[in-house]
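The sequence shown lines up with residues 85 to 308 when you count with our numbering.
Built from N, CA and C at the ideal position, the CB exists for glycine as well.
Since the structure is predicted, the reported quantities are computational estimates derived from the model, not experimental observations.
What follows is a single structure, written as C-alpha coordinates, with notes after it.
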Amino acid sequence: MKKSFEDRCRQAIREIRDSDHVKLSYENIEPAEHGDESTETALQRVAETVGMQLPDSFRRDYFAPKRMHAQWRSVQETELVGEFCLYHLHEAFSQPDLVPEDTTLAMTDQEIMADLSAVDSAHRTGAGEVTGIRITDEGLFEVWFYDMTQRRLERMDLDYAEYLDSVLITKGTSGWQYLFIDGDLTSVSMESTVRRLKAMLSSFPDLFPDYDYAPLRARLEARL
(Lines of atoms letter the chains of each structure in order from A and count residues from 1; the text may use other names and numbers.)
(Lines give C-alpha, C1' and ligand atoms only; values in the text may rest on other atoms or scores of the structure.)
Protein backbone atom coordinates (compact mmCIF):
# COMPACT_ATOMS: atom_id res chain seq x y z
CA MET A 1 0.00 0.00 0.00
CA LYS A 2 1.31 3.43 -0.96
CA LYS A 3 2.26 5.65 1.96
CA SER A 4 0.29 8.82 2.58
CA PHE A 5 1.79 12.05 1.32
CA GLU A 6 2.31 13.20 4.89
CA ASP A 7 4.39 10.10 5.65
CA ARG A 8 6.37 10.50 2.43
CA CYS A 9 7.02 14.17 3.17
CA ARG A 10 8.21 13.36 6.68
CA GLN A 11 10.49 10.74 5.15
CA ALA A 12 11.88 13.27 2.65
CA ILE A 13 12.71 15.65 5.48
CA ARG A 14 14.42 12.80 7.37
CA GLU A 15 16.46 12.02 4.26
CA ILE A 16 17.70 15.60 4.17
CA ARG A 17 18.45 15.57 7.91
CA ASP A 18 20.34 12.28 7.72
CA SER A 19 22.51 13.23 4.75
CA ASP A 20 26.14 14.20 5.39
CA HIS A 21 26.11 16.28 2.21
CA VAL A 22 23.07 18.43 2.98
CA LYS A 23 22.52 20.75 5.94
CA LEU A 24 18.91 20.96 7.15
CA SER A 25 18.66 24.49 8.54
CA TYR A 26 14.94 24.55 9.34
CA GLU A 27 12.08 22.11 9.67
CA ASN A 28 8.57 22.46 10.99
CA ILE A 29 5.47 20.34 10.61
CA GLU A 30 2.65 22.39 12.08
CA PRO A 31 -0.12 20.24 13.58
CA ALA A 32 -3.49 20.00 11.91
CA GLU A 33 -6.10 22.52 13.01
CA HIS A 34 -8.75 19.78 13.05
CA GLY A 35 -6.83 16.76 14.29
CA ASP A 36 -9.69 14.26 14.24
CA GLU A 37 -11.11 15.37 10.91
CA SER A 38 -11.37 12.70 8.20
CA THR A 39 -9.94 13.31 4.75
CA GLU A 40 -13.40 13.41 3.19
CA THR A 41 -14.68 15.91 5.75
CA ALA A 42 -11.62 18.11 5.28
CA LEU A 43 -11.91 18.06 1.49
CA GLN A 44 -15.60 18.87 1.70
CA ARG A 45 -14.75 21.86 3.89
CA VAL A 46 -12.25 23.04 1.27
CA ALA A 47 -14.78 22.45 -1.52
CA GLU A 48 -17.26 24.66 0.31
CA THR A 49 -14.59 27.36 0.57
CA VAL A 50 -13.85 27.36 -3.17
CA GLY A 51 -17.45 26.76 -4.17
CA MET A 52 -16.96 23.58 -6.20
CA GLN A 53 -15.82 19.97 -5.92
CA LEU A 54 -12.08 19.35 -5.95
CA PRO A 55 -10.24 17.28 -8.59
CA ASP A 56 -9.08 13.77 -7.70
CA SER A 57 -5.47 15.03 -7.57
CA PHE A 58 -6.35 16.95 -4.38
CA ARG A 59 -7.61 13.78 -2.72
CA ARG A 60 -4.68 11.60 -3.77
CA ASP A 61 -2.01 13.55 -1.89
CA TYR A 62 -4.11 15.22 0.79
CA PHE A 63 -2.24 15.95 4.03
CA ALA A 64 -3.61 17.09 7.38
CA PRO A 65 -0.82 19.28 8.89
CA LYS A 66 -1.36 23.01 8.55
CA ARG A 67 2.14 23.44 7.08
CA MET A 68 5.01 21.13 6.16
CA HIS A 69 8.19 23.18 5.92
CA ALA A 70 11.89 22.48 5.36
CA GLN A 71 14.89 24.58 4.33
CA TRP A 72 18.34 23.21 3.47
CA ARG A 73 21.61 23.87 1.67
CA SER A 74 24.29 21.67 0.16
CA VAL A 75 27.50 21.34 2.16
CA GLN A 76 29.66 21.20 -0.99
CA GLU A 77 27.71 23.01 -3.73
CA THR A 78 27.33 26.60 -2.52
CA GLU A 79 24.56 27.42 -5.02
CA LEU A 80 22.53 24.30 -4.30
CA VAL A 81 19.83 25.33 -1.84
CA GLY A 82 16.19 24.49 -1.37
CA GLU A 83 13.05 25.15 0.59
CA PHE A 84 9.43 24.11 0.55
CA CYS A 85 6.56 25.25 2.72
CA LEU A 86 3.47 23.27 1.79
CA TYR A 87 0.18 24.70 2.99
CA HIS A 88 -2.90 22.73 3.97
CA LEU A 89 -5.55 23.20 1.30
CA HIS A 90 -7.94 25.05 3.58
CA GLU A 91 -5.24 27.53 4.57
CA ALA A 92 -4.22 27.90 0.93
CA PHE A 93 -7.71 28.80 -0.24
CA SER A 94 -8.65 30.97 2.73
CA GLN A 95 -5.46 33.05 3.14
CA PRO A 96 -5.03 35.29 0.06
CA ASP A 97 -2.21 37.25 1.73
CA LEU A 98 0.11 34.25 1.21
CA VAL A 99 0.45 35.41 -2.41
CA PRO A 100 2.42 38.67 -2.87
CA GLU A 101 1.62 41.51 -5.23
CA ASP A 102 4.00 42.51 -8.02
CA THR A 103 3.15 45.69 -9.89
CA THR A 104 6.08 45.16 -12.27
CA LEU A 105 4.23 42.31 -13.97
CA ALA A 106 2.00 42.82 -16.99
CA MET A 107 -1.57 43.65 -15.99
CA THR A 108 -2.84 40.26 -17.18
CA ASP A 109 -0.26 38.53 -14.97
CA GLN A 110 -1.19 40.73 -12.02
CA GLU A 111 -4.80 39.65 -12.46
CA ILE A 112 -3.73 35.99 -12.46
CA MET A 113 -1.63 36.59 -9.32
CA ALA A 114 -4.68 38.03 -7.61
CA ASP A 115 -6.56 34.80 -8.35
CA LEU A 116 -3.88 32.48 -6.94
CA SER A 117 -4.10 30.48 -3.73
CA ALA A 118 -0.63 29.61 -2.43
CA VAL A 119 0.14 25.92 -1.92
CA ASP A 120 3.93 26.26 -1.57
CA SER A 121 6.46 29.02 -0.94
CA ALA A 122 10.12 29.67 -0.22
CA HIS A 123 9.95 32.65 2.11
CA ARG A 124 12.71 31.92 4.65
CA THR A 125 15.42 32.06 1.99
CA GLY A 126 14.09 35.34 0.64
CA ALA A 127 13.85 33.80 -2.81
CA GLY A 128 10.31 35.05 -3.24
CA GLU A 129 9.14 31.87 -4.95
CA VAL A 130 5.45 31.03 -4.61
CA THR A 131 3.37 28.32 -6.26
CA GLY A 132 -0.37 28.76 -6.37
CA ILE A 133 -3.58 27.24 -7.67
CA ARG A 134 -5.78 29.25 -10.02
CA ILE A 135 -9.37 28.18 -10.57
CA THR A 136 -10.52 29.22 -14.04
CA ASP A 137 -14.04 30.17 -15.10
CA GLU A 138 -14.23 26.71 -16.69
CA GLY A 139 -13.50 25.06 -13.34
CA LEU A 140 -9.91 24.06 -14.14
CA PHE A 141 -7.38 24.00 -11.31
CA GLU A 142 -4.17 25.37 -12.82
CA VAL A 143 -0.76 25.38 -11.11
CA TRP A 144 1.21 28.65 -11.47
CA PHE A 145 4.73 29.56 -10.32
CA TYR A 146 5.89 33.05 -9.39
CA ASP A 147 9.59 33.93 -9.15
CA MET A 148 10.22 37.34 -7.59
CA THR A 149 13.91 37.36 -8.58
CA GLN A 150 13.11 36.82 -12.25
CA ARG A 151 9.85 38.80 -12.12
CA ARG A 152 8.16 35.89 -13.85
CA LEU A 153 4.76 34.25 -13.49
CA GLU A 154 4.42 30.99 -15.42
CA ARG A 155 1.88 28.19 -15.67
CA MET A 156 3.31 24.77 -14.85
CA ASP A 157 2.74 21.62 -16.86
CA LEU A 158 1.47 19.42 -14.03
CA ASP A 159 -1.42 19.05 -11.62
CA TYR A 160 -1.48 19.51 -7.86
CA ALA A 161 -0.61 15.92 -6.93
CA GLU A 162 2.21 15.85 -9.48
CA TYR A 163 3.51 19.08 -8.00
CA LEU A 164 3.64 17.60 -4.51
CA ASP A 165 5.38 14.46 -5.78
CA SER A 166 7.97 16.66 -7.51
CA VAL A 167 8.62 18.56 -4.29
CA LEU A 168 9.67 15.31 -2.62
CA ILE A 169 11.93 14.32 -5.52
CA THR A 170 13.65 17.70 -5.79
CA LYS A 171 13.50 18.42 -2.06
CA GLY A 172 12.34 21.90 -3.06
CA THR A 173 15.58 22.81 -4.85
CA SER A 174 15.30 26.50 -5.69
CA GLY A 175 13.99 26.90 -9.25
CA TRP A 176 13.03 23.26 -9.83
CA GLN A 177 9.66 24.47 -11.09
CA TYR A 178 11.29 25.70 -14.30
CA LEU A 179 11.63 22.07 -15.34
CA PHE A 180 7.84 22.05 -15.77
CA ILE A 181 7.52 25.40 -17.55
CA ASP A 182 7.57 25.78 -21.33
CA GLY A 183 10.52 27.66 -22.78
CA ASP A 184 14.29 27.49 -22.78
CA LEU A 185 16.61 28.30 -19.91
CA THR A 186 19.48 29.71 -21.96
CA SER A 187 19.17 33.40 -21.06
CA VAL A 188 21.91 35.00 -18.97
CA SER A 189 19.45 35.71 -16.15
CA MET A 190 18.80 31.97 -15.76
CA GLU A 191 22.44 30.87 -15.51
CA SER A 192 22.46 30.45 -11.72
CA THR A 193 19.18 28.52 -11.84
CA VAL A 194 20.57 26.18 -14.50
CA ARG A 195 23.76 25.60 -12.48
CA ARG A 196 21.64 24.77 -9.45
CA LEU A 197 19.47 22.33 -11.40
CA LYS A 198 22.54 20.66 -12.91
CA ALA A 199 24.07 20.31 -9.45
CA MET A 200 20.85 18.76 -8.15
CA LEU A 201 20.63 16.25 -10.99
CA SER A 202 24.31 15.40 -10.64
CA SER A 203 24.32 14.78 -6.88
CA PHE A 204 20.80 13.75 -5.88
CA PRO A 205 20.73 10.32 -7.60
CA ASP A 206 23.57 9.26 -5.27
CA LEU A 207 22.29 11.10 -2.21
CA PHE A 208 18.68 9.96 -2.58
CA PRO A 209 18.76 6.73 -4.63
CA ASP A 210 15.12 5.83 -3.98
CA TYR A 211 13.97 8.51 -6.45
CA ASP A 212 14.08 8.49 -10.25
CA TYR A 213 15.78 11.60 -11.62
CA ALA A 214 15.91 10.55 -15.27
CA PRO A 215 12.65 12.32 -16.23
CA LEU A 216 13.87 15.56 -14.65
CA ARG A 217 17.20 15.27 -16.42
CA ALA A 218 15.38 14.87 -19.73
CA ARG A 219 13.29 17.94 -18.99
CA LEU A 220 16.37 20.03 -18.28
CA GLU A 221 18.14 18.88 -21.44
CA ALA A 222 15.07 19.77 -23.51
CA ARG A 223 15.23 23.34 -22.23
CA LEU A 224 18.93 23.98 -22.89
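Selection from the options that minimises the alpha carbon distance to residue i
i: Trp260; options: Arg301, Gly223, Ile97; result: Arg301
i: Tyr230; options: Met274, Pro184, Asp243; result: Pro184
i: Tyr297; options: Met274, Asp181, Ala126, Leu252; result: Leu252
DSSP state of residue i mapped onto helix, strand, coil
i: Ser178; result: helix
i: Thr125; result: helix
i: Lys282; result: helix
i: Arg101; result: helix
i: Arg144; result: helix
i: Glu275; result: helix
i: Thr257; result: strand
CB of residue i within 7 Å of CB of residue j, strictly
i: Ala154; j: Glu99; result: no
i: Val203; j: Ala176; result: yes
i: Gly166; j: Ser258; result: yes
i: Tyr244; j: Phe142; result: yes
i: Arg280; j: Glu163; result: yes
i: Ala116; j: Ala148; result: yes
i: Leu200; j: Gly216; result: yes
Bridge partner(s) assigned by DSSP for residue i
i: Tyr171; result: Arg151
i: Leu108; result: Trp156
i: Ile113; result: Met152
Any chain D beta carbon closer than 7 Å to residue i
i: Gln137; result: You won't find chain D in this structure, because it holds only one protein chain.
Can you check the stretch 173-252 for any alpha helix (DSSP H) of at least 4 residues that lies completely inside it and give the ranges in chain order? 173-178, 191-199
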